[in-house]
Each structure stands twice: as C-alpha cells, then as structure tokens.
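Numbering (UniProt numbering), first residue to last: 1 to 311.
All residues carry an ideal CB built from backbone N, CA and C; glycine is no exception.
As the structure is a computational prediction, the values presented were derived from the model and not from experiment.
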C-alpha cells in the first residue's frame, strides 16, 4: 500500500484508518455513522432550541449554540471521509485534500477551546460579579469574543498548514491515522522536521494553553467565591451551574493534552487513537446530552421546540 519515491503534491496520502482488518470495516462504519448522526442531530437540536426560546437568548447560550455549530462542522471535517474509507479499498486522500482537512480540523478545534474559555468567563462574571453581568457580557462584547476566537484559530491553522506545505514526502505516504493530523504527517516527512517541531510545539502551547489558563483562572476565582457562601445548599446551587461546562472541559482538554503535549519521538498513533477518537468524535457527540440532561433551561427549550414541531 505504500507509495515510494513520489512527490506528495502529486500522489497524495493513504489513510490507514482505525483498523486494517477487513472484518472490522463494516462494524466500524455502522458505529461511526450512528455516532455522527447523533452528533449532528443532537447539536442541531441544541441550536434550534436556543434560537426558538427567547429566554435562552443569553451570553451563555449564545456561546453554547456556537459551540454546537462548531462541533457539527468539526466532526463533518473528519467523519464523512472516515466513513468513505471504511468502505473503500484505496483509502486515499489528495495532498491538497489532506492540507484542507488539516486546516479546518485545527481551526475548528481551536475555536472550540476558545469558546469553552468564553463560557468560563461568562460563569466567572455571573457568579463573582453578578450586578455587572449585563454590562460586562453585553451582546456586542460576546460577538467580539466569538469573532476573536475564530480569527485567532484560523490564523493559527493557516500558519500551521503553510509550515506543513514546505515539507517534502519522498518515502512512505501512508498515514497511520484516520485523518490528516499534524503529528502523523510530520512523521512521514523526509525533511528535517526539528525546527518545525519546535515551532509547532511553541505555537501550539501559545494558542491552546491560553484558553486553558483562562478557564483555570476563572474556576479558581469561582471556587474562592463559592467557598465564601455560608450555606452548603447555596454553595452547591451556585457551583452546579458550572457542572456541564466543567465536564466538557475535562473531556476535551484531557484527551487533547494527552495526545499533543508530548515530543514527536514518543508520539504513537496506534496507542493514541482512543484519545483522538475521544475529542474528535465522542466529545462533540456527548456535548448535547451533557448540556441538556443537567440543565433545566435547556430541557424547557427542547420541550418547547418539540411542541412547536409537533403542533
């Protein structure tokens, strides 16, 4: 299956996927098709419920609806191609197609992380400074936060793809992964990637760690504020509003940090596939359940949407 001594710009790559076993292709296709449909429908329902219920037109749900939209786009960049490859023998992807997939994957994943940071800031202001909430989290500022998240993420992604496009691939073109991720593609390059690795790691730290530190700082402030509440019931009621967000943050950043914040020399695609599937497929699928099952406002919005559809 390996392509030898050809320029990647003409021959493209081969995506091995999750398993090379022919017996597993159909079962894996069925599993990931169901997961993709659940992700698409679940996140779409969240968006429609928020936009159809005026009581959900708040900064928190503004960011949540955009997070759901990004999750739909995020999984659509990866899963449909994966599904096609489950049923295909060639499993090929063009060089340009690989760079395009890499670009949108990184842009949307980073936008997700910045939206999670924006939601943490929203909770910080709501709990620590509630009397100034309407002033601090006014619609124009929320829109600027969203635009800033998208701009930074797309610039980061563009820089990374331009860096990858300068590499040469003169030996194996077989990517031992189910999509064009940075680390597996870097491993295939016959160029000297040491400088690229340093730039990638440094720039990734700056882009990914910034929203993570913002989330960490926000919740440290929230914890301090909650601990000052005299009653245990008051503490639980206040902090419970952050439960859904904290669950999503733990799932997303836990798997991302495990996969990416290690040197290329110890990176193993085979060992890290489960963690990669977690943040690329499982987390976007679980988000609608996490935010709806533990949220009375979302449950009310979904019931209202259901009644409107059935009436």
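{"Query": "Whole angstroms are fine: how far does the CA of residue 131 sit from the CA of residue 251?", "Result": "32 Å"}
{"Query": "When the Cα atoms are used, what is the spatial distance from residue 167 to residue 102?", "Result": "14 Å"}
{"Query": "Specify, as a first and last residue, the run of the alpha helix (DSSP H) that residue 14 falls within.", "Result": "That residue, residue 14, is in no alpha helix (DSSP H); its beta strand (DSSP E) goes 13–15."}
{"Query": "Identify whether residue 26 lies in helix, strand or coil by the three-state DSSP scheme.", "Result": "helix"}
{"Query": "Ends of the alpha helix (DSSP H) at residue 96?", "Result": "95–128"}
{"Query": "Going by DSSP, what residue range makes up the alpha helix (DSSP H) through residue 70?", "Result": "59–86"}
{"Query": "Where does residue 229 fall in DSSP's three states?", "Result": "coil"}
{"Query": "Can you tell me the Cβ-Cβ gap for residue 164 and residue 59, rounded? I've got them flagged as a contact below 8 Å.", "Result": "No, residue 164 and residue 59 are not in contact; Cβ-Cβ is about 36 Å, not under 8 Å."}
{"Query": "Within 10 angstroms of the Cβ of residue 21, are there 16 or more other Cβ atoms? Answer buried if so, exposed if not.", "Result": "exposed"}
{"Query": "Just to check my reading of the structure: residue 15 and residue 175 have Cβ atoms closer than 8 Å, yes? What is that Cβ distance to the nearest angstrom?", "Result": "5 Å"}
{"Query": "Quick check: the Cα distance between residue 99 and residue 161, rounded to an integer number of angstroms?", "Result": "6 Å"}
{"Query": "Measure the CB-CB distance between residue 257 and residue 207 and report whether it falls below 8 Å.", "Result": "no"}
{"Query": "Starting from residue 92, follow its DSSP beta bridges and name the residues at the other end.", "Result": "14"}
{"Query": "By Cβ distance, which residues of its chain are closer than 8 Å to residue 43, with the 5 residues on each side in sequence left out?", "Result": "68, 69, 71, 72, 284, 287, 288"}
{"Query": "Does the Cβ-Cβ distance between residue 238 and residue 249 come in under 8 Å?", "Result": "no"}
{"Query": "Counting Cβ pairs, one atom from each stretch, are 3 or more of them under 8 Å apart for the segment 79–90 and the segment 214–233?", "Result": "no"}
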